[in-house]
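Heads up, the thing below is written out as structure tokens.
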Amino acid sequence: MNAELFDALDLLEKTKGIPVDYMLEKVEAALVSAFKKEYGSSSVRVGINKEKKEVKVFKRRTVVEEVTDPKAEISLEDARQISKRYEMGSVVEEEIKTKTFGRISAQTAKQVIVQGIREAEKSNILREYEKKKEEVITAVVTKRNDNTGDVEVDTGTSTAWLTAGDQIPDEVLLVGDRVRVFITEVKREAEYGPMVTLSRTHPNMIKRMFEADIPEIADGTVTIKSIAREAGSRTKIAVFSRDPEVDAVGACIGNRGMRINAIVDELRGEKIDVINYSENVEEYIASALSPATVLEVEFDGERSAKVTVAGDQLSLAIGKEGQNVRLAAKLTGCKIDIKGVKS
44 MNAELFDALD LLEKTKGIPV DYMLEKVEAA LVSAFKKEYG SSSVRVGINK EKKEVKVFKR
104 RTVVEEVTDP KAEISLEDAR QISKRYEMGS VVEEEIKTKT FGRISAQTAK QVIVQGIREA
164 EKSNILREYE KKKEEVITAV VTKRNDNTGD VEVDTGTSTA WLTAGDQIPD EVLLVGDRVR
224 VFITEVKREA EYGPMVTLSR THPNMIKRMF EADIPEIADG TVTIKSIARE AGSRTKIAVF
284 SRDPEVDAVG ACIGNRGMRI NAIVDELRGE KIDVINYSEN VEEYIASALS PATVLEVEFD
344 GERSAKVTVA GDQLSLAIGK EGQNVRLAAK LTGCKIDIKG VKS
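Right, here's the structure in full:
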């Protein structure tokens, strides 16, 4: 049985990533618990020999002149019946065969080991999620709550919930759908394992998708300077090329829009404006108001600008319900006032 135990622990390490040494600690704790249950004493030593694949349990009693606690003490006379070498104060160890443990004791040991496995699995899952924090992963919808709109997804590490509030507005995710999600937060929860917060609305989801899908961003040739997003409706992203020969906007859009369209499709048709970042604030603000054409930008040197556009461009510059100028302001970090003039 000893050899079988070690073989099982080796298999556990290979299949679940739970270290053998960790589980041996749990086995030791389990045997101590079983011993206490069986004998009502904590005077015990568990000897584990990994090389010989042996686990032994020893009852320990101290040699005393007068025994007051038979569970923890033994007389010199009785000790010398075991071995002549014992003296007063010596500790006598007697091996206890674990097969003599009763059903309740064995059940106690089993519970300790099972709990140890669960704790290790939770720790492994936590580590996996912590590696992926603030990254985009692909998940599969496994369950849907029609009352709340929340969906459970299989992330490949475990299952987690994507709340309706973290889904793109008006999207309906069904069981079997494959979706990309952004891991915003990972917390350790004692009872249920890691608490993972997923999102499809976070602005950094756009950033990670561009980094993953656009080679020029992945290799550092093109960098993302800023993102402003209203999930499900529109996003503006400012990019900059470190190489004068590489068009930052063109790299993100791709041939015939193939690159940007793949991201838009994943986001259920959310519009994405890719603009050139500029150190020149006036140029940057003018680009941020795309697709409107800007005639003039007056920047006050702080964080405010007055923008002039042709009269027929005013509604385009402001956008529906002020969305275009609102996103441009978020993108540039500037307050923007727009006025139209007759062309």
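Sequence positions in the sequence shown follow the working numbering and run 44 to 386.
Don't be surprised by glycine CBs; every beta carbon is placed ideally from N, CA and C.
Owing to the predicted nature of the structure, the values given are computational and were not obtained by experimental measurement.
Taking 8 Å as the upper bound for CB-CB distance, L338 and A353 are in contact here, some 6 Å apart.
Residue environment: S269 is assigned as buried (16 or more neighbouring CB atoms within 10 Å of its CB, all protein chains considered).
When the Cα atoms are used, R128 and E120 turn out to be separated by approximately 12 Å. For I91, the CB contacts under 7 Å within the same chain, skipping 5 residues up- and downstream, are L67, E71 and V98 in chain order. At a Cβ-Cβ threshold of 8 Å, P237 and R243 do not count as neighbours. Put simply, of C295, E109, N190 and E138 the residue whose alpha carbon is nearest the alpha carbon of G263 is C295. Rounded to the nearest whole angstrom, the C-alpha separation of N319 and I303 is 15 Å.
When DSSP states are grouped into helix, strand and coil, L310 belongs to the coil group.
Excluding sequence positions up to five before and after I211, its CB lies within less than 8 Å of the CB of R243, T244, A274, G275, L310, R311 and E313, all in the same chain and listed in chain order. Boundaries of the beta strand (DSSP E) around M238: M238 to S242.
Between the stretch 204–218 and the stretch 167–179, the count of Cβ pairs shorter than 8 Å is below three; the stretches do not touch. In this structure, the CA atom of E108 is about 49 Å from the CA atom of S166. Pairing S347 with G159, the inter-Cα distance amounts to about 59 Å. Scanning its chain for C-beta atoms nearer than 6 Å, with the 5 sequence neighbours on each side dropped, one finds around D286 the residues T264, in chain order.
Every alpha helix (DSSP H) stretch that sits fully inside the stretch 273–354 and reaches 4 residues is listed by chain position as 291–296, 301–309 and 324–331. The residues A271, E273, R277 and K279, in chain order, have a CB closer than 7 Å to that of L370 in the same chain once the five nearest residues on each side in sequence are set aside. The three-state secondary structure of I257, taken from DSSP, is coil. Rounded to the nearest whole angstrom, the CA to CA distance from K382 to I267 is 29 Å. For L357, the enclosing alpha helix (DSSP H) has its first and last residue at L357 to I361.
For E138, the uninterrupted beta strand (DSSP E) segment begins and ends at V134 to I139.
The continuous alpha helix (DSSP H) containing K57 extends over residues N45 to K59. Within the same chain, and ignoring the five residues on either side of D209 in sequence, the residues whose Cβ sits closer than 7 Å to its Cβ are L241, S242, R243 and T244. Boundaries of the beta strand (DSSP E) around I381: K378 to V384. DSSP places I156 within a helical segment (H, G or I) once states are collapsed to three.
Residue pairing from DSSP places N92 in a beta bridge opposite E97. Nearest in C-alpha terms to T141, of all of E171, K80, L74 and S86, is L74. A straight-line Cα-Cα distance of about 30 Å links I315 and N188.
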